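>
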Amino acid sequence: MNSEFVVSSSGRDSWPESELPEVVVVGRSNVGKSSFINAFTGKKRLAYVGNTPGKTRLLNFFAIDGDWMLVDVPGYGYAKMSKSQLMQLGQMMDDYFQNRENIKAVVQLVDSRHDPTADDIDMIGFFKEMHIPVVIVATKIDKVPKTKRPAHLKAIAKKIQIPVKNILPVSSVELTGLREVEQKIRELLEL
Ligand code: GDP
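The sequence shown begins at 1 in UniProt numbering and counts up by one.
Encoded structure:
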């Protein structure tokens, strides 16, 4: 896979001028989003792992194989942000999700070890309302013993009311499940 960093954007003035379909990667802080993006694209520092949220308050656009755009957006659920920082972030995200016509799908990350959080469920509900197709990726699957994986995935599926076959387990450490996510995205985008 060929991936190229395009731009970091703090708002609509710096959204890239592009016709490419965009796939937005979302998840709560610490779910493993940076690790996933690095593993998925095969680039070490594309998204910086363990970054402080202060440095990840931007939308980061990456062109993939010249035919679609991966968009890394700030993780949610991080408590240590001031009200005005949260408001600013909210406005930037709202504007992007409501008005960016390129958005064709969302990759929603959830932690495979735990039930989805209330925030995760809210996010998935929001995308459903917006009629944006959602791919669910269960992160850190290497941390769940093999025999327990089916039960974990089933519990997540039940909680978010999505068929279990639509939940894709990945490990960014063992590099498993990543090509399945790519395949699913390409199917959704009809590429
Ligand atoms: P982000 O805040 O969502 O960007 O999460 P990070 O990618 O920074 O990851 C948070 C923590 O989880 C880090 O300590 C990572 O090393 C760890 N982590 C992320 N993905 C995996 C994974 O697939 N397996 C394991 N075992 N740890 C992971």
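Every residue gets a Cβ at the ideal spot worked out from N, C-alpha and C, and that includes glycine.
Only a predicted model underlies this, so the values are computations on that prediction, with no experimental measurement involved.
In this structure, does DSSP put residue 100 in helix, strand or coil?
As a first step, residue 100 is located in the sequence shown; it is residue number 100 there, counting from the start. Note: residue 100 maps to coil in three-state DSSP.
> Please indicate yes or no: does the CB of residue 8 lie closer than 7 Å to some heavy atom of the ligand NAD?
This structure lacks the ligand NAD; its bound ligands are the ligand GDP.
> Which term fits residue 178, buried or exposed, when burial requires 16 or more other beta carbons within 10 angstroms of its beta carbon?
Here the question's residue 178 lines up with position 178 in the sequence shown. By the 10 Å Cβ count, residue 178 comes out buried.
> The ligand GDP and residue 31: does the residue's C-beta get closer than 7 Å to at least one heavy atom of that ligand?
For the purposes of this step, residue 31 is taken as residue 31 along the sequence shown, with counting starting at 1. Yes, since a heavy atom of the ligand GDP falls inside the 7 Å radius drawn around the Cβ of residue 31.
> I'd like to confirm the pairing. Which residues does DSSP put opposite residue 18 in its beta bridges?
Against the sequence shown, residue 18 aligns to sequence position 18. Answer by DSSP bridge pairing: none, since residue 18 is not bridged.
> Just to confirm the assignment, what range does the beta strand (DSSP E) spanning residue 169 have?
Counting from one through the sequence shown, the residue named residue 169 turns up at place 169. Looking at the DSSP string, the run of the beta strand (DSSP E) that includes residue 169 is 167-169.
> Three or more C-beta pairs under 8 Å: does that hold for the stretch 92-106 against the stretch 12-24?
Yes: the two stretches touch, three or more of their Cβ pairs being nearer than 8 Å.
> Closer than 7 Å by C-beta to residue 192: which residues in its own chain qualify, once you throw out the five before and the five after it? Chain order, please.
Because residue 192 is not part of the residues shown, which for the chain are 1 to 191, the question remains open.
> My assumption, with CB atoms under 8 Å, is that residue 176 sits in contact with residue 36. Please give the rounded CB distance.
For this step, residue 176 is matched to residue 176 along the sequence shown. For this step, residue 36 is matched to residue 36 along the sequence shown. In fact, because the Cβ distance is near 12 Å, the residues do not count as touching under 8 Å.
> Answer with buried or exposed for residue 225, where buried requires no fewer than 16 other C-beta atoms within 10 angstroms of its C-beta.
This structure cannot settle anything about residue 225, because the visible part of the chain is limited to 1 through 191.
> At a cut-off of 7 Å, is residue 154 close to the ligand GDP when judged by its beta-carbon and the heavy atoms of the ligand?
Here residue 154 refers to the residue found at position 154 when the sequence shown is read from its first residue. Result no, Cβ not under 7 Å from the ligand GDP.
> Please report the distance separating the alpha-carbon of residue 173 from that of residue 32.
Here residue 173 refers to the residue found at position 173 when the sequence shown is read from its first residue. Here residue 32 refers to the residue found at position 32 when the sequence shown is read from its first residue. Taking the straight line from one Cα to the other gives about 10 Å.
> How about residue 94 and residue 156: do their beta carbons lie closer than 8 Å?
Along the sequence shown, one-based indexing puts residue 94 at 94. Along the sequence shown, one-based indexing puts residue 156 at 156. Result no, Cβ atoms of residue 94 and residue 156 do not sit closer than 8 Å.
> In chain order, which beta strand (DSSP E) runs of at least 3 residues are fully inside the stretch 99-154?
103-111, 134-139
> Could you check what DSSP says for residue 26 in three-state terms: helix, strand or coil?
Position 26 of the sequence shown holds residue 26. In this structure, residue 26 counts as strand in the three-state DSSP scheme.
> Using 8 Å for Cβ pairs, my map puts residue 70 next to residue 25. What's the rounded Cβ distance?
As a working mapping, residue 70 is identified with position 70 in the sequence shown. As a working mapping, residue 25 is identified with position 25 in the sequence shown. About 6 Å separates the two Cβ atoms, so the contact holds.
> According to DSSP, residue 2 sits in a beta bridge with which residue or residues?
Within the sequence shown, the letter at position 2 stands for residue 2. BP columns for residue 2 are empty, so no partner.
> For the alpha helix (DSSP H) holding residue 162, just list the boundary residues, first then last.
Along the sequence shown, read from residue 1 onward, the residue named residue 162 stands at position 162. Note, residue 162: premise wrong, no alpha helix (DSSP H); not H, not E.
> Does DSSP classify residue 34 as helix, strand or coil?
For the purposes of this step, residue 34 is identified with residue 34 of the sequence shown, where counting begins at 1. Looking at residue 34 - three-state DSSP - the assignment turns out to be helix.
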